[in-house]
Structure formats: structure tokens, C-alpha cells
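*Asks:*
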């Protein structure tokens with residue numbers, strides 16, 4: 001499908017040489033008429049195997065050799081975004097390249113939303129740390145004594161330590177997760193996307209212009225050939241006083257129109273090849289950018305889980321002393337300590353004597 005123009009030109013030259021030898025026995029006027037008819041027929045037949053969609057030439061389904069993917073088994077951008085499609089409303093056409101650009105912009109927006117989500121998570125951590133710290137200062141049950149009192153005091157202290165851990169967790173979330181998500185690809189990223197957009201759009205405009213030139217040249221050739229055919233028929237049956245010079249003039253115009261058409265097709269194919277090359281290069285660049293975006297987010301979300309595990313480990317380490325003291329709570333010892341401090345006397349009453 002995307003045959004380079006040099007190969008097409010070589011094939012065309014061989015065809016012209018063959019046609020010249022085939023019609024050499026005919027009179028000059030008929031030679032040109034047959035030659036022009038075959039060229040027109042050849043262009044018409046060739047066009048039947050091609051499909052133009054928004055000025056881009058595609059092979060008809062099932063016609064010609066099967067195309068191979070540029071990057072098989074990779075689902076690469078460069079293989080699946082060549083045709084245009086209607087937008088969700090079905091009102092306007094969107095190019096495949098615009099779909100790729102929209103994917104980049106959507107990714108940027110989703111990245112921003114992830115940062116907002118982490119920010120909300122940070123606010124929860126900060127509020128939680130604040131409440132833990134406040135609760136650790138509560139005077140509730142401060143008068144508990146003995147081994148149970150020690151465990152209770154340690155439990156309250158652990159809340160203060162846990163508050164510090166969660167505050168550090170929130171700070172690290174900000175610097176190591178939220179901020180990187182916000183700052184990854186700043187304002188220049190959208191400017192770069194616009195450059196890509198304008199570049200490919202300009203190439204499509206050039207292609208549309210070249211296609212219009214081809215159609216104009218095709219019509220001009222058909223008109224010139226029809227004029228030549230009419231004049232040649234009139235000359236053969238002597239219905240007109242047109243001279244051989246008129247036939248030669250019409251033949252030259254027809255030949256020139258054919259040359260113009262081939263030149264326009266050549267320029268069209270060159271422009272389409274340029275657009276094709278830039279589409280492949282740019283779509284691969286966008287694919288690379290998307291891979292980088294996903295890997296960047298993956299890296300920092302994994303950092304979130306790492307920090308979360310660290311927080312759990314710190315919290316566990318602070319709970320362990322409390323757990324140890326709770327295991328050491330001894331009701332008998334607490335009773336002994338309390339009795340020693342609060343006893344009112346160990347002499348028991350006796351019976352009264354008369």
C-alpha cells in the first residue's frame with residue numbers, strides 16, 4: 001500500500017514502453033487515442049482498488065497484498081490509529097492522531113485527580129494525628145494505679161507517639177507522592193502536544209490540498225481525452241474540416257494533462273508518505289510518553305504502599321510495649337500496692353468481754 005514513488009514510477013515507465021510498442025502499427029492519431037484510453041482505463045481500474053477517506057488513500061478490504069503490522073503483537077499506537085472516526089456525539093470526525101492526543105490530555109487530568117486523592121488522604125492523616133495527640137493528653141483514668149496503671153499510662157503515651165508517626169506519614173505523602181504527581185510534566189507538556197497537533201494537522205491539510213489537485217487534474221485529463229476522441233472521430237469520418245494540426249494540438253494537451261495528473265499523483269504520494277512517516281514517529285513518541293506516565297505513577301503509588309507499611313511497623317513497635325505491660329498486669333500485686341498505700345489498720349476486731 002505505501003509503495004515508494006520510485007517503484008511506482010519504474011513500473012509506470014515499463015508500462016509506457018510496452019504501450020508504445022503495442023500501438024506502433026496504428027496511425028499517429030489512433031496511436032494517441034488508444035494510448036490515452038488505456039492510461040485512463042488503467043487509472044480508473046487502479047482507483048477501483050483504492051479507497052479515499054478524508055483525502056487519505058487506503059486499500060479496499062480484501063484487495064491487494066495483506067498489510068503486516070509495523071510492530072506485531074505489541075498493540076502499538078503506530079498500527080491502529082490511521083483512519084478517522086466520529087466523535088461520541090456523531091457530529092464531527094476525529095482523526096486517529098487526535099484520539100492519541102486526547103489520551104495524553106486525559107492521562108494528565110487523571111494524574112491530577114490522583115494527586116487530589118492523595119491530598120485528601122493527607123488531610124485525613126493530619127486530622128487523625130491531631131486527634132490522637134489531643135486524646136493522649138486526656139486526664140481520663142489518670143488515677144489508675146499499679147501494674148494496670150503503668151499499662152494505661154503507656155497506652156496513652158503510645159497515642160502521642162502514634163500521632164507523631166502519622167504526622168510524619170502525611171508529610172512524606174506530600175513530598176514523595178502528592179508533589180511528584182502534581183509536578184510531573186508541567187505546563188510545557190500541553191505546549192508540546194499542541195506542537196505535535198499542529199504539525200500533523202498541517203500535513204493533513206497539505207494532503208487534502210494535494211488530493212484536490214489530483215482530482216482537478218483527473219477531470220482535466222478526462223476533458224482533454226474526450227476532446228481528442230471527438231476530434232479524431234470527426235477527422236476519420238471527415239465530418240469536420242479540422243486539420244491534422246488541430247489533432248496534434250489536442251494530443252499535446254491530452255498528453256500534458258496526463259503528465260500533470262501523474263505529477264499531481266506523485267506530489268500527493270510524496271505528501272502522504274511524509275504524513276505517514278510523521279504519524280509513525282509521533283505516535284511512537286506519544287506511546288513512549290504514555291509508558292513513562294504509567295511507570296511514574298506506578299513508582300509513586302508503590303511509594304505510598306511502602307510508607308503505609310512503614311507506618312504500620314512503627315505503630316506496631318509502639319503497641320508492643322503496651323502489650324508487654326498488659327501481659328504483666330498482676331491483680332495480686334496491684335492489690336498489694338494499693339493495700340500498702342491505703343490500709344487503715346491490720347488489727348482485726350475481737351469479741352467484747354463482760
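In UniProt numbering, the protein residues as written are 1 to 354. Glycine residues also receive a C-beta, built at the ideal position from the N, C-alpha and C atoms.
(1) Assign residue 58 to one of three DSSP states: helix, strand, or coil.
(2) Can you tell which of 304, 213 and 325 has its C-alpha closest to the C-alpha of residue 178?
(3) Among 54, 167 and 140, which residue has its Cα nearest to the Cα of residue 130?
(4) Considering only residues of the same chain and omitting the five flanking positions on each side of residue 53, which have a CB-CB separation below 8 Å?
(5) Nearest by alpha-carbon distance to residue 234: which of 320, 246 and 211 is it?
(6) Can you say whether residue 125 is buried or exposed, counting buried as having 16 or more other CB atoms within 10 angstroms of its CB?
(7) Report the rounded CA-to-CA distance for residue 55 versus residue 216, giving the unit in angstroms.
(8) Grab me the residues of residue 169's own chain with a C-beta within less than 7 Å of its C-beta, minus the 5 sequence neighbours each way, in chain order.
(9) Which of helix, strand or coil does DSSP assign to residue 122?
(10) Is the distance from the Cβ of residue 253 to the Cβ of residue 224 below 8 Å?
(11) Tell me the residue span of the alpha helix (DSSP H) that contains residue 200.
(12) Give me the residue from 337, 344, 110 and 116 with the minimum Cα distance to residue 150.
(13) Going straight from the alpha carbon of residue 339 to that of residue 140, what length do you get?
(14) Tell me, which residues are paired with residue 86 by DSSP?
(15) Tell me whether residue 360 sits in a helix, a strand or coil according to DSSP, three-state version.
(16) Around the Cβ of residue 143, are there at least 16 other Cβ atoms within 10 angstroms (buried) or fewer (exposed)?
(17) Tell me which residue opens and which closes the alpha helix (DSSP H) that residue 326 is part of.
(18) Taking the alpha helix (DSSP H) that residue 163 falls in, what are its first and last residues?
(19) Whole angstroms are fine: how far does the CA of residue 279 sit from the CA of residue 200?
*Replies:* With the given structure in hand:
(1) The residue you call residue 58 lines up with position 58 of the chain shown. Assignment of residue 58 by DSSP, reduced to helix, strand and coil, places it in the strand class.
(2) For the purposes of this step, residue 178 is identified with residue 178 of the chain shown, where counting begins at 1. Closest option to residue 178, Cα to Cα, is 304.
(3) To locate residue 130, count along the chain shown from 1; it is residue 130. Considering only alpha carbons, the answer is 167.
(4) Counting from 1 along the chain shown, the entry for residue 53 is found at position 53. Same-chain partners within the cutoff: 83 and 84.
(5) Working through the chain shown from its first residue, we reach residue 234 at position 234. Each of 320, 246 and 211 was checked against the Cα of residue 234, and the nearest Cα belongs to 246.
(6) For the purposes of this step, residue 125 is taken as the residue at position 125 of the chain shown. Around the beta-carbon of residue 125, 16 or more other beta-carbon atoms lie within 10 Å, marking it buried.
(7) Against the chain shown, residue 55 aligns to sequence position 55. Against the chain shown, residue 216 aligns to sequence position 216. Those two C-alpha atoms are separated by around 13 Å.
(8) Stepping through the chain shown from its first residue, residue 169 is reached at position 169. Answer for residue 169: 125, 307 and 311, listed in chain order.
(9) The residue labelled residue 122 in the question sits at position 122 within the chain shown. Residue 122: helix per DSSP, three-state reduction.
(10) Residue mapping note: residue 253 aligns to position 253 of the chain shown, counting from 1. Residue mapping note: residue 224 aligns to position 224 of the chain shown, counting from 1. Yes, the Cβ-Cβ distance between residue 253 and residue 224 is below 8 Å.
(11) For the purposes of this step, residue 200 is taken as the residue at position 200 of the chain shown. First-last of the alpha helix (DSSP H) with residue 200: 187-236.
(12) Here residue 150 refers to the residue found at position 150 of the chain shown. Closest by C-alpha distance to residue 150, out of 337, 344, 110 and 116, is 337.
(13) Residue numbering aside, residue 339 sits at position 339 when the chain shown is read from its first letter. Residue numbering aside, residue 140 sits at position 140 when the chain shown is read from its first letter. Straight-line spacing of the CA atoms in residue 339 and residue 140 works out to 23 Å.
(14) Residue mapping note: residue 86 aligns to position 86 of the chain shown, counting from 1. Residue 86 is bridged to 93.
(15) Any question about residue 360 goes unanswered here, given that the chain covers just 1 to 354.
(16) Locating residue 143 in the chain shown gives position 143, where the first residue counts as 1. Classification of residue 143: exposed, given that the 10 Å Cβ count is below 16.
(17) Start at 1 with the first residue of the chain shown, and residue 326 comes out as number 326. Annotation for residue 326: the continuous alpha helix (DSSP H) segment containing it runs 244-327.
(18) The residue labelled residue 163 in the question sits at position 163 within the chain shown. For residue 163, the enclosing alpha helix (DSSP H) stretches over residues 146-173.
(19) Translated into positions along the chain shown, residue 200 becomes position 200. Translated into positions along the chain shown, residue 279 becomes position 279. Going from the Cα of residue 200 to the Cα of residue 279 covers about 7 Å.
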